[in-house]
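Asks: Questions regarding the structure given below will be posed in turn.
Number of protein chains: 2
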Amino acid sequence: MKQIDECRIAIVGLGLMGGSLAGALQGKAAAVVGVARRGETVRAALKRGLIDEGTTELAEGVRGVDIVVLATPVRIILQQISEVGPLLAENCLLIDLGSTKTDILREMARLPQDVQALGGHPMCGKEASGVEAAEPGIYQGATFILSPLPRTARWALSLGQDLARTVGSEPLVLDGERQDFLVATLSHLPYLMACALIATADRTTSPDAAAWKIVAGGFRDTTRIAASDVTMMTDILLTNGEEVLRALGTFQEQIRHMADLMESSNEEALRRQLGKIREKRLEMYP
Amino acid sequence: MKQIDECRIAIVGLGLMGGSLAGALQGKAAAVVGVARRGETVRAALKRGLIDEGTTELAEGVRGVDIVVLATPVRIILQQISEVGPLLAENCLLIDLGSTKTDILREMARLPQDVQALGGHPMCGKEASGVEAAEPGIYQGATFILSPLPRTARWALSLGQDLARTVGSEPLVLDGERQDFLVATLSHLPYLMACALIATADRTTSPDAAAWKIVAGGFRDTTRIAASDVTMMTDILLTNGEEVLRALGTFQEQIRHMADLMESSNEEALRRQLGKIREKRLEMYP
């Protein structure tokens with residue numbers, strides 16, 4: 001099996017996630033090749049020293065490499081998997097960085113048999129996007145979910161795990177459907193909540209100039225992810241809609257429960273519920 | 001009119017907000033007198049140098065002072081206003097630090113006529129509580145809402161504004177009902193959302209050990225305030241219930257709207273909505 005430092009790695013998409021991954025791999029792989037749609041992005045990534053070589057041609061970028069990482073929005077990944085399949089060298093490992101896995105793994109299952117594939121989802125990021133926002137350190141300490149296909153070879157999964165460790169992340173192997181279920185609640189639902197909070201403030205308090213002076217820390221933190229990249233999030237919501245809507249259903253029940261306790265001024269039950277939730281939060285983040 | 005540095009200031013309640021205020025006033029007032037229910041808290045505040053003098057006796061603590069700040073949970077404040085009223089010196093200024101103002105201002109209106117009163121709500125804090133969590137710096141740069149009564153003298157409002165500026169905050173004068181409307185959406189609703197997210201995760205994903213490894217930054221930030229002090233938040237929700245439930249209604253509409261767009265896979269409308277929200281977020285926090 002090849003080691004990461006012997007691999008030529010192509011990274012397709014040089015935005016926040018791809019650009020940061022490229023930077024985190026600098027000096028740790030045989031070569032990091034960047035592929036972006038716009039020449040300007042490639043030039044910026046070269047200038048920032050995130051990649052060793054760069055091109056706007058997908059076919060050129062992935063030619064002869066050992067690992068290809070698709071770091072584009074989910075529905076672009078879906079297109080690129082079939083596009084890139086016939087171009088890959090034998091035993092090339094294809095990984096993606098998309099937030100949802102079920103659709104992507106289904107598409108990966110159609111790849112030529114001599115190509116290895118692995119779903120990937122690093123649990124890091126920030127609300128800024130684009131190559132300017134790239135920051136190799138974001139992978140440090142993050143959980144990097146890896147979702148193999150039934151056909152994924154053991155060595156290919158190991159290579160994926162090595163890649164994750166090389167950029168400072170902790171690999172976590174998860175079945176694709178299980179990952180989609182988990183991130184629906186832990187990542188996609190919080191995004192929808194943040195958006196709904198902004199939309200609510202926009203409809204009610206924003207016309208009052210004072211509102212802008214009192215959007216304190218609580219509101220800022222709670223709504224931070226509402227500034228996430230729109231194309232990325234639209235793709236996520238549309239490819240994980242079923243799980244997200246299910247999570248939303250449970251969320252609505254919880255909201256209604258607390259609203260009921262407030263409406264009936266049931267102090268003891270309200271205090272108990274808030275106390276239980278506080279304990280859970282402290283258990284999650286000790 | 002007295003200046004802050006000529007005032008003896010009693011602070012009732014030496015938790016996060018009161019203890020921090022005391023510390024921020026150190027060396028800037030004639031004396032800072034701390035009042036807490038437990039002797040242990042008073043001793044801790046003295047030891048940390050947050051207060052000059054301390055007592056567990058409310059009557060003793062407020063005797064002869066120029067300013068009294070009530071820094072307890074809202075429903076304790078409501079009790080303490082009537083309790084403390086007859087004990088105050090002529091022209092003493094009574095301020096509170098509670099998050100909701102309508103009920104508090106109603107109670108303040110019943111104070112003896114020779115006492116001045118002013119609702120206060122500094123828009124700062126953190127989820128930790130207690131005198132150990134006190135940190136004078138939290139007032140720095142914060143908006144400090146001040147809600148006068150119709151009977152509040154102009155000099156008393158000025159003194160309140162000076163107090164806010166002395167601890168590094170920016171005073172913002174707001175009518176009590178307007179403040180309750182604004183903070184319902186900008187502070188209390190985000191708290192409920194954070195709680196509902198934790199409760200949702202607890203019911204769905206928490207039994208899966210992997211969930212604990214993938215509660216990434218987005219979930220952490222979105223739910224931070226769910227760890228807020230339970231007594232404080234129970235009091236807030238019960239004394240601002242009407243406004244919070246109204247804000248919740250608008251929030252539910254926004255959630256339903258986004259869920260509809262997802263269910264119907266209306267990509268264009270979903271993208272437009274998320275884009276509009278992102279712009280609003282960037283407008284709020286440039």
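Protein sequences, first through last, are from chains A and B. Read in the working numbering, the first sequence has 199 at position 199, and its numbers run on one by one without any break. Read in the working numbering, the second sequence has 133 at position 133, and its numbers run on one by one without any break. Even for Gly, the Cβ is constructed at its ideal location relative to N, Cα and C.
1) Bridge partners for B/V33 per DSSP, in chain order?
2) Of all Cβ atoms in chain A, is any one closer than 8 Å to the Cβ of B/D202?
3) Distance cutoff 8 Å, beta carbons only. Does B/T185 sit that close to anything in chain A?
4) Report yes if the C-beta distance between A/L189 and B/L197 is below 8 Å; otherwise report no.
5) When you compare the CB of B/W155 with every CB in chain A, is at least one pair closer than 8 Å?
6) Does the beta carbon of B/G241 sit closer than 8 Å to a beta carbon anywhere in chain A?
7) Quick check on DSSP: helix, strand or coil for A/I67?
8) When you compare each of A/V12, A/T200 and A/I4 to A/A30 by their alpha carbons, which one comes out closest?
9) List the residues of chain A whose Cβ lies closer than 7 Å to the Cβ of B/T299, in chain order.
10) Between A/T185 and B/T200, how many whole angstroms is the CB-CB distance? I'm expecting something under 8 Å.
11) Look at B/A36 and B/G13 and say whether their C-beta atoms are less than 8 Å apart.
12) Going by C-alpha distance, which of B/C7, B/G120 and B/A247 is nearest B/D96?
13) Can you tell me whether DSSP reads B/G19 as helix, strand or coil?
14) Determine the burial state of B/R288: buried for a count of at least 16 other Cβ atoms within 10 Å of its Cβ, exposed for fewer.
15) Taking 8 Å as the threshold (C-beta atoms), are B/M233 and A/E274 in contact?
16) Is the CB of A/M284 under 8 Å away from at least one CB in chain B?
17) How many angstroms separate the CA atom of A/G54 from the CA atom of A/L163?
18) Could you pull the start and end residues of the beta strand (DSSP E) that B/E127 belongs to?
19) Can you confirm whether the stretch 240-252 of chain B touches the stretch 239-250 of chain A when touching is taken to mean that 3 or more C-beta pairs between the two stretches lie within less than 8 Å?
20) Entirely within the stretch 220-257 of chain A and at least 4 residues each: give me those alpha helix (DSSP H) ranges in chain order.
21) Flag this pair as touching only if the stretch 112-119 of chain A and the stretch 78-96 of chain A have three or more C-beta atom pairs under 8 Å; answer yes or no.
22) Could you tell me the alpha carbon to alpha carbon distance between A/A44 and A/V33, rounded to whole angstroms?
23) Can A/A24 and A/G168 be called in contact, C-beta distance under 8 Å?
24) Excluding the five sequence neighbours on either side, which residues of its own chain have a C-beta within less than 8 Å of the C-beta of A/E267, listed in chain order?
25) Helix, strand or coil for A/P150, going by three-state DSSP, please let me know.
26) Rounded to the nearest angstrom, what separates B/A226 and A/S265 at their Cα positions?
27) Flag this pair as yes or no: are the beta carbons of B/T166 and B/K28 separated by less than 8 Å?
28) Using the Cα positions of B/S99 and B/A22, report the straight-line distance between them to the nearest angstrom.
29) Could you check where the beta strand (DSSP E) with A/V215 kicks off and where it finishes?
30) Go through its chain and collect everything with a Cβ distance to B/L105's Cβ below 7 Å, but skip five positions before and after it.
31) In this structure, how does DSSP classify B/Q116 when only helix, strand and coil are distinguished?
32) Below 8 Å between beta carbons: does that hold for A/I81 and A/E40?
33) Tell me where the beta strand (DSSP E) around B/L93 begins and ends.
34) Listed from N- to C-terminal order along the chain, which residues in the stretch 95-125 of chain A have their beta-carbon within a distance smaller than 7 Å of any beta-carbon of chain B?
35) Does A/S228 pass the burial test, meaning 16 or more other C-beta atoms within 10 Å, or should it be called exposed?
36) Hey, how far is the Cα of A/L87 from the Cα of A/T205?
Replies: Per the coordinate set shown:
1) Position 33 of the second sequence, counting from 1, holds the residue named residue 33 of chain B. Partner(s): B/A10 and B/E53.
2) The sequence position of residue 202 of chain B within the second sequence is 202, counting from 1. Cβ-Cβ to chain A under 8 Å: yes for B/D202.
3) Counting from one through the second sequence, the residue named residue 185 of chain B turns up at place 185. Judged by the 8 Å Cβ criterion, B/T185 is in contact with chain A.
4) The sequence position of residue 189 of chain A within the first sequence is 189, counting from 1. The sequence position of residue 197 of chain B within the second sequence is 197, counting from 1. Cβ distance < 8 Å, so A/L189 and B/L197 count as in contact.
5) As a position in the second sequence, residue 155 of chain B is number 155, starting the count at 1. Not an interface residue.
6) Your numbering for residue 241 of chain B matches position 241 in the second sequence. Interface residue, yes.
7) As a first step, residue 67 of chain A must be located in the first sequence, where it is residue number 67. Here A/I67 sits in strand by DSSP.
8) The count along the first sequence starts at 1 and reaches residue 30 of chain A at position 30. If we check each option's Cα against that of A/A30, A/I4 comes out closest.
9) The structure shown does not extend to residue 299 of chain B, since chain B is modelled only from 1 through 286, so no value can be given for it.
10) By one-based count along the first sequence, residue 185 of chain A stands at place 185. By one-based count along the second sequence, residue 200 of chain B stands at place 200. Yes, they are in contact, since the Cβ atoms of A/T185 and B/T200 sit about 6 Å apart, within 8 Å.
11) Taking the second sequence and counting its residues from 1, one reaches residue 36 of chain B at position 36. Taking the second sequence and counting its residues from 1, one reaches residue 13 of chain B at position 13. A contact, by the Cβ cut-off of 8 Å.
12) Looking up residue 96 of chain B in the second sequence gives position 96. The shortest Cα separation from B/D96 among B/C7, B/G120 and B/A247 belongs to B/G120.
13) What you label residue 19 of chain B is simply residue 19 of the second sequence in a count that begins at 1. Correct three-state label for B/G19: helix.
14) As displayed, chain B neither begins before 1 nor continues past 286, which places residue 288 of chain B out of reach and without an answer.
15) Walking along the first sequence from the start, residue 274 of chain A turns up at place 274. Walking along the second sequence from the start, residue 233 of chain B turns up at place 233. The residue you asked about is not Glu; residue 274 of chain A is Leu in the sequence shown. For A/L274 and B/M233, yes; Cβs fall inside 8 Å.
16) As a working note, residue 284 of chain A is residue 284 in the first sequence. Yes, contact with chain B.
17) Locating residue 54 of chain A in the first sequence gives position 54, counting from the first residue. Locating residue 163 of chain A in the first sequence gives position 163, counting from the first residue. Cα to Cα, A/G54 sits roughly 20 Å from A/L163.
18) As a working note, residue 127 of chain B is residue 127 in the second sequence. It is not in any beta strand (DSSP E) - B/E127 carries neither H nor E in the DSSP assignment.
19) no
20) 230-239
21) yes
22) Mapped onto the first sequence, residue 44 of chain A falls at position 44. Mapped onto the first sequence, residue 33 of chain A falls at position 33. Their backbone Cα atoms lie some 13 Å apart in a straight line.
23) Counted from its first residue, the first sequence places residue 24 of chain A at position 24. Counted from its first residue, the first sequence places residue 168 of chain A at position 168. Going by C-beta atoms, A/A24 is nearer than 8 Å to A/G168.
24) One-based indexing of the first sequence puts residue 267 of chain A at position 267. Here the set comprises nothing.
25) Here the question's residue 150 of chain A lines up with position 150 in the first sequence. Three-state DSSP puts A/P150 in coil, outside helix and strand.
26) Numbered from 1 along the second sequence, position 226 holds the residue referred to as residue 226 of chain B. Numbered from 1 along the first sequence, position 265 holds the residue referred to as residue 265 of chain A. Their backbone Cα atoms lie some 20 Å apart in a straight line.
27) Position 166 of the second sequence, counted from the first residue, corresponds to residue 166 of chain B. Position 28 of the second sequence, counted from the first residue, corresponds to residue 28 of chain B. Against a cut-off of 8 Å, the Cβ pair of B/K28 and B/T166 comes out as a contact.
28) Here residue 99 of chain B corresponds to residue number 99 of the second sequence, with the count starting at 1. Here residue 22 of chain B corresponds to residue number 22 of the second sequence, with the count starting at 1. Distance between the alpha carbons of B/S99 and B/A22 is about 18 Å.
29) Here the question's residue 215 of chain A lines up with position 215 in the first sequence. Premise fails: A/V215 is in no beta strand (DSSP E) and is neither H nor E.
30) Here residue 105 of chain B refers to the residue found at position 105 when the second sequence is read from its first residue. Taken in chain order, the residues that qualify are G119, S147, L149 and G176.
31) The residue you call residue 116 of chain B lines up with position 116 of the second sequence. Three-state result, B/Q116: strand.
32) The count along the first sequence starts at 1 and reaches residue 81 of chain A at position 81. The count along the first sequence starts at 1 and reaches residue 40 of chain A at position 40. For A/I81 and A/E40, no; Cβs fall outside 8 Å.
33) Position 93 of the second sequence, counted from the start, is the residue given in the question as residue 93 of chain B. L93 to D96 is the span of the beta strand (DSSP E), which, as asked, contains B/L93.
34) M123 and C124
35) For this step, residue 228 of chain A is matched to residue 228 along the first sequence. With 16 or more Cβ atoms within 10 Å of its Cβ, A/S228 is classed as buried.
36) By 1-based counting over the first sequence, the position of residue 87 of chain A is 87. By 1-based counting over the first sequence, the position of residue 205 of chain A is 205. Those two C-alpha atoms are separated by around 54 Å.
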